[in-house]
Each structure stands twice: as C-alpha cells, then as structure tokens.
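A.B. asks: The structure's right below; bear with me while I get my questions together.
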Amino acid sequence: MNYRHHFHAGNFADVVKHVLLQGLLDSLGRKDTPYCYIDTHAGLGFYDLGASEAQRTLEFKSGLARVKLAAPEGMPAWVVDYQKAVVALQVERGGFWYPGSPWLALHLMRPQDRAIFMELHPEDAATLRTNFSRKDQAAVHQRDAYEGLTALIPPKEKRGLVLIDPPYEEERDDYAPVVELLKKAHAKWPTGVYALWFPIKDYHAITRFYRRLRNTGIPKMLATELNVLPPDNSLGLNGSGMIIVNPPWQFSDVAFRTLKWLRPVLSDHPQSSMKVEWLTAETAPAAAPRDDE
C-alpha cells in the first residue's frame with residue numbers, strides 16, 4: 025500500500041487512461057437505461073497539482089500540459105471532452121486540480137446512473153469519502169478489490185463498466201493476480217465492460233501478460249497501448265495500455281484514431297508507438313494496424 029497517486033497525477037499515462045475512459049463512459053451514456061461504474065482502486069478522486077507531491081515530480085508536464093498546448097485542429101472528440109472535464113473541475117474547486125477516474129465518472133453520469141468506489145488505503149479512503157460526501161450516486165468502500173469486486177457484481181443495473189487500475193508494485197512479472205481477478209469477475213458478470221490499465225516497463229513481461237490474458241478464454245478482449253519511449257527501454261515507464269473486455273461498438277476504431285493523434289502530442293521520441301489490436305474476439309473484427317511510424 026505504498027503507492028500514492030498524488031505524485032503521478034496528470035502524467036502521460038493518466039491522460040491516455042482518462043481519454044479512453046471518457047470514450048467508454050460516453051458510449052454507456054448513449055442508452056437511456058442506467059449503468060453502474062465500479063472503480064477498484066479509486067484513490068482520492070481528484071488531485072491538487074499545486075500541492076507538494078505533484079510539484080516535486082512535475083509529471084503532469086509530460087501529459088496534461090502537453091495536451092493543453094496542442095493545436096485544436098483535428099483534436100479527437102474524446103480529447104476535447106477530457107479537456108473540458110479538467111477545466112470543469114478546476115472551475116469547481118478554484119485551483120490547479122486534476123480529476124481522477126472517480127470524478128470523471130461522476131461528471132459524466134446521469135441521474136439514473138450509479139458509482140461504486142473501492143480504496144484500500146485508509147487515509148485515501150477517508151479523503152475519497154469526504155470528497156464525494158454530497159454525491160448521492162457514489163458509494164465508497166474501504167475494501168481490497170481482489171476480494172471486493174466479485175462480491176459487488178453483477179450490479180442491479182445489469183449494465184456497467186469496471187475500471188481495474190491496481191498499484192502494480194503489488195503485481196509481478198506477467199501480472200498474474202490482476203489477470204486472475206479479471207477472469208473471476210468476468211465469470212460472474214460476463215456482459216460487463218472491463219477496462220484494465222497497465223504500465224509498460226518491460227515489454228517481455230507485457231508479452232507474457234498478453235499470453236496469460238488469452239489463456240483465460242475471455243472473448244472480446246481489446247488491447248490498446250501508447251509508448252512515449254521504445255517499449256524495450258529499461259530505464260523506467262515507457263508507456264501504458266488498457267485492456268478492454270466487451271468494448272462498445274466501434275470503440276476500437278475511434279480508440280485507434282485517438283491514440284494516433286495523442287502519440288506525437290505526448291512524445292517527441294522517434295521510436296514512440298501506439299497500437300490497438302484484438303487479443304481475443306468472438307467474431308474476427310479487423311484489427312487496427314500498429315502505428316510505429
């Protein structure tokens with residue numbers, strides 16, 4: 025429980041995660057029927073980028089700051105809406121704030137929708153509960169997601185999205201514990217949409233991770249990646265990705281165009297890359313090609 029997101033809020037990986045989350049929630053909101061959003065590692069909900077933690081690392085300069093400086097021409101709709109959400113939070117709180125996934129989800133919810141946030145760290149769970157104490161749609165659980173998720177699904181709404189974003193210091197090699205969590209959750213709620221975020225540090229580990237995911241037998245599994253450095257670089261965080269189970273209709277195509285736009289915005293490295301490809305699918309939709317150029 026040593027990982028604290030204060031130090032990393034608004035970095036390039038956050039931008040990618042939250043832009044894709046924007047797209048998933050937008051798709052869920054197109055139907056009138058209610059949905060449930062579940063966040064397994066919710067953190068604080070939003071972060072003060074002027075606080076000492078964020079100012080110590082300045083990681084937001086690799087993400088949010090770059091997107092804010094990007095030319096608006098050709099900017100994908102998910103990125104436009106993401107930027108509007110960031111501004112809305114900063115206006116709401118009157119400062120240099122960055123939204124976490126819980127705030128973004130509540131920002132997009134309609135009256136009929138509901139959110140469940142899990143956070144194991146006691147101090148962060150207390151802050152999260154305080155931050156959303158006036159939000160009747162949100163329930164906060166101080167709970168271990170590896171135990172709590174399967175106890176909370178399927179939700180009464182029958183439709184929904186689970187964001188799984190664990191502190192990967194607790195995972196090892198090919199991320200076996202989080203794959204097992206996804207497998208158990210899907211077995212209990214096979215029609216839910218699942219978004220599993222992951223860091224890219226060692227690409228050999230990611231290859232094993234993908235193999236382990238395929239071996240679960242879960243159908244309709246899409247992999248998205250954006251690497252700001254060569255994926256085989258050994259110095260640190262090269263990129264991040266998101267596995268989406270049961271992605272909405274046309275999500276893969278829009279995700280490909282969006283990540284293609286984001287890649288040169290978030291990285292100047294000649295070997296930066298992105299991809300959107302199916303790991304497993306019930307049918308065989310055309311995979312968007314890898315874009316390494």
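Using my numbering, count along the sequence shown one by one with no gaps and you end on 317.
From the three backbone atoms N, C-alpha and C, an ideal C-beta is built for every residue, glycine too.
Measure the CB-CB distance between Leu128 and Leu45 and report whether it falls below 8 Å.
C.D. replies: Yes. Within cutoff.
A.B. asks: Excluding five sequence neighbours on each side, which residues of the same chain lie with their C-beta closer than 6 Å to the C-beta of Asp137?
C.D. replies: These residues qualify, in order along the chain: Pro58, Tyr59.
A.B. asks: Per DSSP, which residues does Arg138 bridge with? Please list them.
C.D. replies: Paired residues: Cys60.
A.B. asks: Would you grab the beta carbon distance between His131 and Ala162 for me? Rounded to a whole angstrom, and I think it's under 8 Å.
C.D. replies: Incorrect: roughly 12 Å between the Cβ atoms, too far for contact.
A.B. asks: Would a C-beta distance cut-off of 8 Å place Arg37 and Pro255 closer than the cut-off?
C.D. replies: Sequence check: residue 37 is Ala here, not Arg. Not a contact, by the Cβ cut-off of 8 Å.
A.B. asks: For Glu83, list the residues DSSP reports as bridge partners.
C.D. replies: None; Glu83 has no bridge partner.
A.B. asks: Check whether the Cβ atoms of Pro67 and Asp148 lie closer than 8 Å to each other.
C.D. replies: Position check: residue 67 holds Gly in this sequence, whereas Pro was assumed. Their beta carbons are under 8 Å apart, which means Gly67 touches Asp148 by this criterion.
A.B. asks: Got a sec, what are the start and stop residues for the alpha helix (DSSP H) Ser125 sits in?
C.D. replies: Start and end: 125 to 132.
A.B. asks: Kindly indicate the opening and closing residues of the beta strand (DSSP E) around Gly263.
C.D. replies: Its beta strand (DSSP E) spans residues 263 to 269.
A.B. asks: When you compare only the Cα positions, how much space is there between Thr154 and Gln166?
C.D. replies: So the alpha carbons of these two residues sit roughly 13 Å apart.
A.B. asks: Relative to the C-alpha of Asn262, which candidate in His293, Trp273, Pro243 has its C-alpha closest?
C.D. replies: For Asn262, the nearest C-alpha among the options comes from His293.
A.B. asks: How many Å lie between Ala33 and Met245 at the Cα?
C.D. replies: Near 27 Å, if we compare the C-alpha coordinates of Met245 and Ala33.
A.B. asks: Can you list, in chain order, the residues of its chain with a C-beta nearer than 6 Å to that of Pro126? Leave out the 5 residues immediately preceding and following it.
C.D. replies: Taken in chain order, the residues that qualify are Asp63, Ala66, Gly69, Phe141.
A.B. asks: For the alpha helix (DSSP H) that Trp285 lies in, which residues bound it at each end?
C.D. replies: Counting along the chain, the alpha helix (DSSP H) containing Trp285 begins and ends at 275 to 290.
A.B. asks: The alpha helix (DSSP H) that contains His42, what's its start and end?
C.D. replies: Element bounds for His42: 36 to 52.
A.B. asks: Can you say whether Asn35 is buried or exposed, counting buried as having 16 or more other CB atoms within 10 angstroms of its CB?
C.D. replies: Classification for Asn35: buried.
A.B. asks: Taking the Cβ atom as the reference point for each residue, do Trp213 and Pro178 lie within a distance shorter than 8 Å?
C.D. replies: Yes, these two residues count as a Cβ contact at 8 Å.
A.B. asks: In three-state DSSP terms, what is Leu93?
C.D. replies: In this structure, Leu93 counts as helix in the three-state DSSP scheme.
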